[in-house]
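Heads up: the protein sequence lines correspond to chains A and B, in order.
With the working numbering applied, the first sequence corresponds to residues 1 to 179, in that order.
With the working numbering applied, the second sequence corresponds to residues 180 to 337, in that order.
Each residue gets a CB set at the ideal place from its N, CA and C atoms; glycine is no exception.
Quick caveat: nothing in here was measured; it's all calculated off a predicted structure.
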Amino acid sequence: MIFATVGTQLPFDRLLLAVDTWASMHRDVPVVAQTGRTATTYSHLTCLPQMDQRRYADCVAQARVIVAHAGMGSILTAIEAGKPVILMPRRADLGEHRNDHQRDTAAEMAVLSNVTVVEDSATLCTAISAALTRANDPALAARSNVASARLLDAVRDFIWSEDTRSARSGFGLRPVLRA
Amino acid sequence: MPTFPSRPHRRRRVLAVASGGGHWVQLMRLRPAFDGAEVHYATVDPASRDMVAPAPVHIYPDANKDTRLRLILATLRLTVIVLRVRPDVVISTGAAGGYLAIRIARLIGARTVFIDSIANTRQLSVSARLAQRAADLVLSQWPAVAARTGAQYRGAVL
């Protein structure tokens, strides 16, 4: 199964139309899509506008390949599950987002072994077919699902810091974090 | 494992706040840091309860700066949540709801940290910039962003 996901905030027809085109040429591979709100119908996709966390996790677990917008939820969930993920960043000039931050995110995430970044529909279709051949690729081993040790330490230190403040007395105090 | 303070300390009640999608996934990656504390979660999707059970999960309406009415509803709901939980520490990975929770929690003397999403590779989010005026600590997950904005860098969720 291929799982395509575009988040819940904005539609992303360019990605879903490309996946629909790929699906029309590969009828033997089921494709499930989380589409957000969209007026477009995709005849070769099993579409759901929204999914709760549980359903989303099930789709990720069952998918052989994940195709996603460059949202961090999609990216992190896919790499935690050790799945190949193809990212198509949203573009502001096409009205797909308010700004181009997804292109920056995708560019940074491209260093991860699971991640392939594509900019257009033709490349997306090629990338899906290529990713399907990666099922036994050792580079896809499931990754840790926890933050870096440094960030965990910083949060733990913040929680247990003795720098407690009584109500209404601490305005203007700046953070004192143990290094 | 990192070192805990050697002398016994009183319990800490933590309120961990995140909107849906990537904000929640990033909060989940911080969970080992909450060990030993009493943790309450606040988020927008009731299905998240399963992932952190038996920890209590409080639900608030999702909102952003373009949804005025929902922003008001989220503020009211988060006020109730903060007053009920009475946290010592509030931790948020965004977005708007996390900033609101931090603003409210400061009024009851909680210490607060806002961790901006790793998606913000070039600049801080609007919520993080607002949080800089309210939180004790604002973290960016990118050193260059931290250096430019006055946020701190302490590693990333990846």
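Three-state secondary structure (DSSP) of residue i
{"i": "Y56 (chain A)", "result": "helix"}
{"i": "V324 (chain B)", "result": "helix"}
{"i": "F3 (chain A)", "result": "strand"}
{"i": "R192 (chain B)", "result": "strand"}
{"i": "A284 (chain B)", "result": "helix"}
{"i": "H26 (chain A)", "result": "coil"}
{"i": "I66 (chain A)", "result": "strand"}
{"i": "S271 (chain B)", "result": "strand"}
{"i": "Y239 (chain B)", "result": "coil"}
{"i": "A9 (chain A)", "result": "According to the sequence displayed, residue 9 (chain A) carries Gln and not Ala. Here Q9 (chain A) sits in coil by DSSP."}
{"i": "V204 (chain B)", "result": "helix"}
{"i": "E119 (chain A)", "result": "coil"}
{"i": "R178 (chain A)", "result": "Because the pLDDT at R178 (chain A) is just 38, under 50, the model does not fix this residue reliably, and the point stays unresolved."}
{"i": "A33 (chain A)", "result": "strand"}
{"i": "Y220 (chain B)", "result": "strand"}
{"i": "Q331 (chain B)", "result": "strand"}
Chain A within 8 Å of residue i, Cβ atoms only
{"i": "V305 (chain B)", "result": "no"}
{"i": "S198 (chain B)", "result": "no"}
{"i": "A280 (chain B)", "result": "no"}
{"i": "D229 (chain B)", "result": "yes"}
{"i": "T339 (chain B)", "result": "Since the first and last residues shown for chain B are 180 and 337, residue 339 (chain B) lies out of range."}
{"i": "L337 (chain B)", "result": "yes"}
{"i": "T300 (chain B)", "result": "yes"}
Residue interval of the beta strand (DSSP E) (run including residue i)
{"i": "T291 (chain B)", "result": "R290 to I294"}
{"i": "V261 (chain B)", "result": "Note, V261 (chain B): premise wrong, no beta strand (DSSP E); alpha helix (DSSP H) at R247 to V264."}
{"i": "S319 (chain B)", "result": "L316 to S319"}
Beta-carbon proximity list for residue i, same chain, < 8 Å, skipping 5 on both sides
{"i": "L94 (chain A)", "result": "R14"}
{"i": "R168 (chain A)", "result": "The pLDDT assigned to R168 (chain A) is 40, lower than 50, so where the model puts this residue is not dependable; a value taken from the coordinates is nonetheless given after this. There are no such residues."}
{"i": "T40 (chain A)", "result": "P11, D13, L16 and L17"}
{"i": "D137 (chain A)", "result": "P84"}
{"i": "I159 (chain A)", "result": "none"}
8 Å Cβ cutoff, residue i in contact with chain B
{"i": "I86 (chain A)", "result": "no"}
{"i": "G71 (chain A)", "result": "yes"}
{"i": "S113 (chain A)", "result": "no"}
{"i": "G82 (chain A)", "result": "no"}
{"i": "L76 (chain A)", "result": "yes"}
{"i": "D93 (chain A)", "result": "no"}
{"i": "E108 (chain A)", "result": "yes"}
{"i": "R37 (chain A)", "result": "no"}
{"i": "L177 (chain A)", "result": "For L177 (chain A), the pLDDT reaches just 42, beneath the cut-off of 50, and the residue's location in the model is therefore unreliable, although a value from the coordinates is still provided. Closer than 8 Å: yes."}
{"i": "D104 (chain A)", "result": "yes"}
6 Å CB neighbourhood of residue i in its chain, flanking five on each side removed
{"i": "Q320 (chain B)", "result": "I297 and A335"}
{"i": "R333 (chain B)", "result": "L318"}
{"i": "M51 (chain A)", "result": "Q34"}
{"i": "R192 (chain B)", "result": "E217, P266 and D267"}
{"i": "V67 (chain A)", "result": "A4, V19 and I86"}
Contacting residues, own chain, Cβ-Cβ under 7 Å from residue i (five flanking each side not counted)
{"i": "L303 (chain B)", "result": "D295, S319, V324, T328 and A330"}
{"i": "P49 (chain A)", "result": "T35, G36 and R37"}
{"i": "L132 (chain A)", "result": "R64 and V65"}
{"i": "A310 (chain B)", "result": "Y278, I281, F293 and V317"}
Residue i classed as buried or exposed, judged by whether at least 16 other C-beta atoms fall within 10 angstroms
{"i": "M25 (chain A)", "result": "exposed"}
{"i": "Q62 (chain A)", "result": "exposed"}
{"i": "I283 (chain B)", "result": "buried"}
{"i": "S129 (chain A)", "result": "exposed"}
{"i": "M1 (chain A)", "result": "exposed"}
{"i": "R285 (chain B)", "result": "buried"}
Segment limits, alpha helix (DSSP H) that includes residue i
{"i": "T46 (chain A)", "result": "That residue, T46 (chain A), is in no alpha helix (DSSP H); its beta strand (DSSP E) goes T46 to L48."}
{"i": "L87 (chain A)", "result": "First-last for L87 (chain A): V85 to L87, but that is the beta strand (DSSP E), not the alpha helix (DSSP H)."}
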